[in-house]
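Residue 939 is where the sequence shown ends in this note's numbering, and the numbering goes up by one at each step. C-beta atoms are modelled at their ideal positions from N, C-alpha and C, and glycine is treated no differently. Owing to the predicted nature of the structure, the values given are computational and were not obtained by experimental measurement. Structure first, commentary second.
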Amino acid sequence: MTEETQIQDIVYALATSPDFERDGLCFAARPGGLFRSEDGGHTWQDAYAALEFEGPLPTAAVALSPNFEDDHTLFAGVAGGVLRSTDAGLTWQVASLPSPPPFVSAMAVSPDFARDGTLLAGTLEDGVFRSGDRGAHWAAWNFGLLDLNVLAMAISPHFVQDETIFVGTESGIFRSTNGGRAWREIDFPTDFAPVLCLALSPTYAEDGLLFAGTEECGLFQSSDQGQTWSRLGEETVPDTVNSILLAPDFPTRPDLLVLLGDALLVSRDGGQSWSDWRPGLPTEQGLASVVAPQGLEANALLLLGLVGGQVLQV
Numbered sequence: 626m627t628e629e630t631q632i633q634d635i636v637y638a639l640a641t642s643p644d645f646e647r648d649g650l651c652f653a654a655r656p657g658g659l660f661r662s663e664d665g666g667h668t669w670q671d672a673y674a675a676l677e678f679e680g681p682l683p684t685a686a687v688a689l690s691p692n693f694e695d696d697h698t699l700f701a702g703v704a705g706g707v708l709r710s711t712d713a714g715l716t717w718q719v720a721s722l723p724s725p726p727p728f729v730s731a732m733a734v735s736p737d738f739a740r741d742g743t744l745l746a747g748t749l750e751d752g753v754f755r756s757g758d759r760g761a762h763w764a765a766w767n768f769g770l771l772d773l774n775v776l777a778m779a780i781s782p783h784f785v786q787d788e789t790i791f792v793g794t795e796s797g798i799f800r801s802t803n804g805g806r807a808w809r810e811i812d813f814p815t816d817f818a819p820v821l822c823l824a825l826s827p828t829y830a831e832d833g834l835l836f837a838g839t840e841e842c843g844l845f846q847s848s849d850q851g852q853t854w855s856r857l858g859e860e861t862v863p864d865t866v867n868s869i870l871l872a873p874d875f876p877t878r879p880d881l882l883v884l885l886g887d888a889l890l891v892s893r894d895g896g897q898s899w900s901d902w903r904p905g906l907p908t909e910q911g912l913a914s915v916v917a918p919q920g921l922e923a924n925a926l927l928l929l930g931l932v933g934g935q936v937l938q939v
């Protein structure tokens with residue numbers, strides 16, 4: 626962080642431009658707000674500066690439009706609502722969610738956002754909200770969602786066809802197959818919840834493959850759309866999984882990255898064996914978030930968010 630914006634707090638989430646190698650644009654969501662970098666994370670500025678808030682606006686989620694290179698649209702999930710920017714984070718419009726103001730903890734954007742304008746926001750204690758007009762207006766969509774403490778969201782890459790969304794909660798995993806209108810709890814072992822993160826295979830429609838990271842019991846995989854589950858790397862990945870990343874061409878390239886509280890591990894065989902991503906990482910500071918703008922090849926750059934507030938290039 627630059628001298629002016631140095632705030633020592635956890636980096637909840639990171640996001641990068643799809644054209645990161647050219648524009649170096651990335652975002653870091655923190656209790657102190659949303660921060661923006663144009664040089665790959667070397668220096669940072671307060672993305673909310675134009676809003677002239679009296680104090681920090683805690684931000685736990687950030688999501689970019691799939692068409693970001695063309696529409697420059699991104700969303701920030703904050704305490705009380707969702708902020709939308711259509712100029713890559715320079716200026717913002719605020720959309721308040723219904724009272725009492727919820728805290729937005731996770732977001733998911735439709736892969737066909739340019740056409741359907743659909744995105745969803747998961748909250749702590751108030752469930753899921755949905756917008757069909759690019760984030761201008763929101764409504765609660767919680768029918769069948771028995772646990773309103775949403776910690777993670779994942780949207781099917783084939784959402785246009787299957788309308789499938791998953792949410793991870795304090796008690797397990799829920800799935801909607803009609804765009805969020807109704808939810809059903811899937812048969813995830815409740816003893817292994819809470820579920821902190823989710824990831825779907827890019828070919829989910831064909832292989833039904835998804836991954837779930839838990840708070841205390843490691844990493845799980847389902848290859849039948851969540852009907853049955855198996856644990857991966859029980860000895861190597863024993864407890865908290867904060868984030869899961871898959872190679873863009875997974876499972877053709879079966880690379881899988883998991884962020885633990887004190888380690889960054891990679892598997893080159895779909896989760897059967899694991900090794901450190903890179904030796905010498907400052908894991909003693911606590912690891913909170915990760916993003917892979919160049920994929921998961923061995924020499925690829927990652928951005929790593931720490932519990933203390935720093936963002937590192939590794």
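Quick one: what's got a C-beta closer than 6 angstroms to residue i's C-beta in the same chain, skipping five residues either side?
i, result
"residue 691", "736, 738"
"residue 743", "735, 757"
"residue 641", "651, 916, 918"
"residue 754", "722, 746, 763, 765"
"residue 817", "839, 842"
Contact defined as beta carbons within less than 8 angstroms: I believe residue i pairs with residue j. What is the distance between those atoms, to the nearest angstrom?
i, j, result
"residue 929", "residue 889", "7 angstroms"
"residue 837", "residue 875", "Incorrect: roughly 16 angstroms between the Cβ atoms, too far for contact."
"residue 731", "residue 702", "7 angstroms"
"residue 685", "residue 720", "Wrong, their Cβ atoms sit about 16 angstroms apart, outside the cutoff."
"residue 733", "residue 745", "5 angstroms"
"residue 920", "residue 873", "6 angstroms"
For residue i, collect the residues of the same chain with a Cβ closer than 7 angstroms to its Cβ; drop the 5 residues on either side in sequence, then sort them by chain order.
i, result
"residue 787", "781, 802, 830"
"residue 694", "643, 644"
"residue 631", "Note on residue 631: pLDDT 43, under 50, position unreliable in the model; the coordinate value appears next. Around residue 631: no qualifying Cβ."
"residue 711", "696, 697, 698"
"residue 841", "864, 865"
"residue 629", "Model confidence at residue 629 stands at a pLDDT of 36, short of 50, so the residue's coordinates are unreliable; what they give is reported in the following sentence. Excluding positions up to five away in sequence, the list is empty."
"residue 810", "771, 797, 799"
Considering only the beta carbon of each residue, do residue i and residue j sit closer than 8 angstroms?
i, j, result
"residue 653", "residue 669", "yes"
"residue 820", "residue 765", "no"
"residue 938", "residue 665", "yes"
"residue 947", "residue 884", "As displayed, the chain neither begins before 626 nor continues past 939, which places residue 947 out of reach and without an answer."
"residue 663", "residue 650", "yes"
"residue 610", "residue 681", "A query on residue 610 cannot be resolved here, the shown segment of the chain reaching from 626 to 939 and no further."
"residue 882", "residue 896", "no"
"residue 678", "residue 704", "no"
"residue 768", "residue 808", "yes"
"residue 771", "residue 750", "no"
"residue 789", "residue 806", "no"
Kindly list the residues whose CB is nearer than 8 angstroms to the CB of residue i, restricted to its own chain and excluding five residues on each side of it in sequence; keep chain order.
i, result
"residue 901", "888, 889, 890, 891"
"residue 835", "779, 791, 823, 824, 825, 826, 829, 846, 847, 850, 851"
"residue 924", "none"
Identify every residue that forms a DSSP beta bridge with residue i.
i, result
"residue 900", "891"
"residue 777", "793"
"residue 883", "869, 890"
"residue 931", "912"
"residue 638", "654"
"residue 771", "None, per the DSSP bridge assignment."
"residue 921", "DSSP output for residue 921 lists no bridge partner at all."
"residue 936", "930"
TODO: Return the chain-ordered ranges of every alpha helix (DSSP H) run that is complete within the segment 640 to 724 and spans a minimum of 4 residues.
DONE: Qualifying alpha helix (DSSP H) stretches, in chain order: 645 to 648, 693 to 696.
TODO: Return the chain-ordered ranges of every alpha helix (DSSP H) run that is complete within the segment 793 to 875 and spans a minimum of 4 residues.
DONE: 829 to 832
Task: Minimum length 4: unbroken alpha helix (DSSP H) runs contained in the segment 728 to 767 - done: 738 to 741
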